[in-house]
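Protein chains in written order, with this note's numbering: chain A, 5 to 331; chain B, 14 to 246.
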């Protein structure tokens, strides 16, 4: 455990120093991938801990991105004069959180949806959201919303703006690190133990006195809020939101990042997203359409030889000199 | 004195099949009631219905005067019923200690060391992965986990099943201690007639979803031939 913390510390320190050694364009690109990493951590929480295999996690990423875009572009009715980044970030967390709470009531309480049924429902919801977004003029329809402003530090949307590569990168890294530390603390607590126990066997938890549906609902909502935060940060960097951000494609991608990285280890999922996004930019140019084939091959290899993820396997090997066991 | 657990006319089943056909029973605080019967007469179903794992379609379940029929399992657990299922069902991949913390948490109770005094084997192995324990140790863990939630009544489904014979007596002693010293009521389903007779202060025999025969501790010796006749195949 101690060595594991040490390895984690080295990884974060390495990430903090990395931009000093690469070009500005690459730093900006990595800063964007950091939001993907945050997104992958949200799925690792829902899937790796609570056992909620969500095939539609981009629903929450997209909600966060659109909430951010609408708020900072002054398109929220009644709040046009207050295009604050802080308001955008708050909504980017709050809107997905509320949607997940509401979904949780329908999906987990009563008889409750489990396993593949939950996954398929989430998939359908993400596809539905993508279609609805394409048709909504207020949201820019198929074209999306262009011109999302970068993060501004003033409460009213004014003040210094986060635009340069290095500050943007470090702020994104700082947010990811803060979320990582918070989630690790939560998972190490007795509450986190109960969340992991849901994945192992939720029926047992019921007769031990736990309201399993409530644990799932709150965990799912937390995961959604983090995905939304990632989406909001992404939108402010990318400057553009489109229906693609809320649909099936991105949902599948984050699943692959998380599976290849390691769903049961937050840092592994985070690094998985970073590494695969980076590899894609390098290899997609080189391999063209064959990149997808290569990615599929990697996924098959990972499932065969690193059931708990490539990055998780490497991190565990460095820290403990063995392959990862359960949890 | 009113009994800790009072069950009246309990009806439950799976889908359309009615398994329990009006079960009446009572368990006193500190008392040990043993539920016997041939296979398929509804013993496990009775425990599951009491625990809320199976909906009760009629009847009342009162624990210390509080009506529990119709509540979900987690509310029943919080009201004070602990459940030790058949086959132990511990969390593999969790340490012994983590299993116990999980057991206490749902009630807001903290793990106290006094609990482990009764289970020295578990105290020795508190950091060990629970799946590496032997069958008998896992059974102790399942009981300790249920006790961690500080129940007033413990339901045990065949606690001695699959445990090596030399450990069965030790387990019986532990169970007797839990009832006599901690004042917890025990309701156990058991196939082992000798154990049941040695431990229980009341024996119930189930037939076709009802309690058909009740023997109190004082009459156990005289009732033995009748009991054996009812349980033989």
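Each residue gets a CB set at the ideal place from its N, CA and C atoms; glycine is no exception. Predicted, not measured: the structure shown is a model, and the values here were computed from it.
C-alpha distance - residue i paired with residue j, whole-angstrom precision
i, j, result
"residue 58/B", "residue 244/B", "18 angstroms"
"residue 62/A", "residue 177/B", "53 angstroms"
"residue 38/B", "residue 60/B", "12 angstroms"
"residue 131/A", "residue 252/A", "6 angstroms"
"residue 20/B", "residue 67/B", "15 angstroms"
"residue 47/B", "residue 225/B", "13 angstroms"
"residue 79/A", "residue 44/A", "29 angstroms"
"residue 157/B", "residue 129/B", "8 angstroms"
"residue 98/A", "residue 269/A", "25 angstroms"
"residue 179/B", "residue 214/B", "23 angstroms"
"residue 153/A", "residue 89/A", "9 angstroms"
"residue 88/B", "residue 290/A", "59 angstroms"
"residue 51/A", "residue 206/B", "46 angstroms"
"residue 331/A", "residue 150/A", "Confidence is the limiting factor: at residue 331/A the pLDDT is only 49, short of 50, which leaves the residue's position unreliable and the question unanswerable from this model."
"residue 305/A", "residue 95/B", "45 angstroms"
"residue 41/A", "residue 208/A", "33 angstroms"
"residue 216/B", "residue 198/A", "37 angstroms"
"residue 240/A", "residue 139/A", "23 angstroms"
"residue 14/A", "residue 320/A", "14 angstroms"
"residue 206/A", "residue 278/A", "32 angstroms"
"residue 159/B", "residue 78/B", "22 angstroms"
"residue 148/A", "residue 64/A", "17 angstroms"
"residue 211/B", "residue 117/A", "45 angstroms"
"residue 134/B", "residue 150/B", "7 angstroms"
Where residue i falls: helix, strand or coil (DSSP)
i, result
"residue 168/A", "coil"
"residue 226/B", "strand"
"residue 152/A", "coil"
"residue 246/A", "coil"
"residue 126/B", "coil"
"residue 195/B", "helix"
"residue 103/B", "coil"
"residue 80/B", "strand"
"residue 331/A", "In this prediction, residue 331/A has a pLDDT of 49, which is less than 50 and means its spatial position is unreliable; what the coordinates show is noted afterwards. Coil."
"residue 215/A", "coil"
"residue 86/A", "coil"
"residue 205/B", "coil"
"residue 120/B", "coil"
"residue 283/A", "helix"
"residue 59/B", "helix"
"residue 42/A", "helix"
"residue 207/A", "helix"
"residue 63/A", "helix"
"residue 58/A", "coil"
Limits of the unbroken beta strand (DSSP E) element including residue i
i, result
"residue 27/B", "18-27"
"residue 235/B", "Where residue 235/B is concerned, there is no enclosing beta strand (DSSP E), although the alpha helix (DSSP H) it sits in stretches over 233-244."
"residue 32/B", "30-40"
"residue 219/B", "215-220"
"residue 169/B", "166-170"
Counterpart residues of residue i in DSSP-defined beta bridges
i, result
"residue 73/B", "21/B"
"residue 46/B", "200/B and 215/B"
"residue 108/B", "142/B"
Span of the alpha helix (DSSP H) around residue i
i, result
"residue 94/B", "Note, residue 94/B: premise wrong, no alpha helix (DSSP H); beta strand (DSSP E) at 94-97."
"residue 16/A", "6-21"
"residue 255/A", "252-265"
"residue 138/A", "119-139"
"residue 142/A", "First-last for residue 142/A: undefined, no H or E at that position."
"residue 195/A", "194-204"
"residue 162/A", "Here residue 162/A belongs to no alpha helix (DSSP H), and DSSP marks it neither H nor E."
"residue 147/B", "Premise fails: residue 147/B is in no alpha helix (DSSP H) and is neither H nor E."
"residue 324/A", "314-324"
Chain-ordered chain D contacts of residue i [CB-CB under 7 angstroms]
i, result
"residue 115/B", "You won't find chain D in this structure, because its protein chains are A and B."
>> Does the structure place the segment 104-117 of chain B close enough to the segment 129-142 of chain B that three or more beta carbon pairs sit under 8 angstroms?
In response: yes
>> So, does the segment 235-246 of chain A touch the segment 166-185 of chain B, judging by three or more C-beta pairs under 8 angstroms?
In response: no
> Quick check: the segment 6-24 of chain A against the segment 236-250 of chain A, are there 3 or more CB pairs under 8 angstroms?
Replying inline: no
> Does the count of Cβ pairs from the segment 214-229 of chain A and the segment 109-119 of chain A closer than 8 angstroms reach three?
Replying inline: yes
> Is the segment 52-61 of chain A touching the segment 72-87 of chain A in the sense that three or more CB pairs, one from each, lie closer than 8 angstroms?
Replying inline: no
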